[in-house]
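Peer 1: Numbered by full-length UniProt numbering, the letters in the sequence shown go through residues 1 to 246 in order.
Take this structure first; my questions come after.
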Amino acid sequence: MGILWWSSSAKPKTGNSDSLNQDSEPLPSDLANYLESKDSELSNREFKSLLRRQSDNAKISKELEKEDESQSQDFLSMVSAPAQSEKEAEKKIEEIRLPTPISTSLNMKTPMDYTNYELEKYKRENDEKECVLINCSEIQHAFFECLGTQSVWDKIGAATSVDGDQCNKLADFFMACTKIQKNAFIMFDYSTLSTIEEMKNASKGIDEVFTRNFQSLDDVQDKEKFLRYTKELRDKREEFYQRFGK
Numbered sequence: 001m002g003i004l005w006w007s008s009s010a011k012p013k014t015g016n017s018d019s020l021n022q023d024s025e026p027l028p029s030d031l032a033n034y035l036e037s038k039d040s041e042l043s044n045r046e047f048k049s050l051l052r053r054q055s056d057n058a059k060i061s062k063e064l065e066k067e068d069e070s071q072s073q074d075f076l077s078m079v080s081a082p083a084q085s086e087k088e089a090e091k092k093i094e095e096i097r098l099p100t101p102i103s104t105s106l107n108m109k110t111p112m113d114y115t116n117y118e119l120e121k122y123k124r125e126n127d128e129k130e131c132v133l134i135n136c137s138e139i140q141h142a143f144f145e146c147l148g149t150q151s152v153w154d155k156i157g158a159a160t161s162v163d164g165d166q167c168n169k170l171a172d173f174f175m176a177c178t179k180i181q182k183n184a185f186i187m188f189d190y191s192t193l194s195t196i197e198e199m200k201n202a203s204k205g206i207d208e209v210f211t212r213n214f215q216s217l218d219d220v221q222d223k224e225k226f227l228r229y230t231k232e233l234r235d236k237r238e239e240f241y242q243r244f245g246k
């Protein structure tokens, strides 16, 4: 194997120089200086192989840098995607606005349309069940207050007592109120009423008759008082029918 000697005074042959220029890139300055000051122990083939490896390593390093940059961009996109989606969703929600009573009324073509809208809204918020609970709410409130004032021993004694205590009687009175008033709303055909004024008047009249006749569970269980209540409720219904032309 031939040995190529490099020195500051020696120059490579033209043929070898052309071959090196074709197969490799120019030498870095530090490598050239080193070769000028030291004798090389590499053959032409080994020297060319070294240059190729350096060139290949440089290309691989650039490709890895590009790949890392691409992965970083993908990661940033993945992280920012949820935030971007939230912003887009919020923007869509702002664009889609639910109708309000004012906007709905402005879209009504006639006063009758607005009247029908208000009626349907009132019916949904004040159906028979809701009105019964409102009319009996005072009894329910008294029951909860009674429970709050009882001690643990009072509750134990009430559970073992045959007649029960005041709180149990209030609970039974509340249940009786809901049952009796539910039947009263059916008697007034509450679900078929066509105006808000009619529904308010019927609910108020039913509650007035009940409150006037029943103050406790004992009153509900009294037959004479219950018959008087039934008669007054019928009279109230006839008065209601005459007033609203039913």
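Beta carbons are placed, not taken as given, at the ideal position from N, Cα and C, and that holds for glycine.
Just so you know, these numbers come straight off a predicted model, no measurement behind them.
(1) For a quick check, are the C-beta atoms of Ala184 and Leu233 less than 8 Å apart?
(2) For Phe244, I'd like the list of residues in its chain whose CB is within less than 6 Å of its CB, leaving aside the five on either flank, ordered along the chain.
(3) Buried or exposed: where does Gly205 fall if 16 or more other Cβ atoms within 10 Å of its Cβ makes it buried?
(4) In whole angstroms, what separates the C-alpha of Thr211 from that of Lys246?
(5) With 16 other CB atoms within 10 Å as the buried threshold, where does Ile186 fall?
(6) In whole angstroms, give me the CA-to-CA distance for Lys236 and Tyr122.
(7) With 16 other CB atoms within 10 Å as the buried threshold, where does residue 264 fall?
(8) DSSP three-state label for Leu193, please.
(9) Going straight from the alpha carbon of Thr192 to that of Tyr241, what length do you get?
(10) Tyr229 to Asn213, Cα distance in whole Å?
(11) Locate the alpha helix (DSSP H) running through Cys136, then write down its first and last residues.
(12) Please report how far the alpha carbon of residue 261 lies from the alpha carbon of Ser216, in whole angstroms.
(13) What span of residues does the alpha helix (DSSP H) with Asn168 cover, start to end?
(14) Just curious, the alpha helix (DSSP H) that Asp218 is in, first and last residue?
(15) Give the straight-line distance between the Cα atoms of residue 296 and Tyr117, rounded to the nearest whole angstrom.
(16) How long is the line joining the alpha carbons of Gly148 and Cys177, rounded to whole angstroms?
Peer 2: The short version:
(1) yes
(2) Glu198
(3) buried
(4) 25 Å
(5) exposed
(6) 23 Å
(7) The displayed coordinates of the chain run from 1 to 246. Any statement about residue 264 would go beyond what the structure contains.
(8) coil
(9) 13 Å
(10) 6 Å
(11) Note, Cys136: premise wrong, no alpha helix (DSSP H); not H, not E.
(12) Outside the shown range of the chain, which is 1 to 246, sits residue 261, and nothing can be said about it.
(13) 166-187
(14) 217-221
(15) Missing from the structure shown is residue 296; the chain here goes from 1 to 246 and no further.
(16) 22 Å
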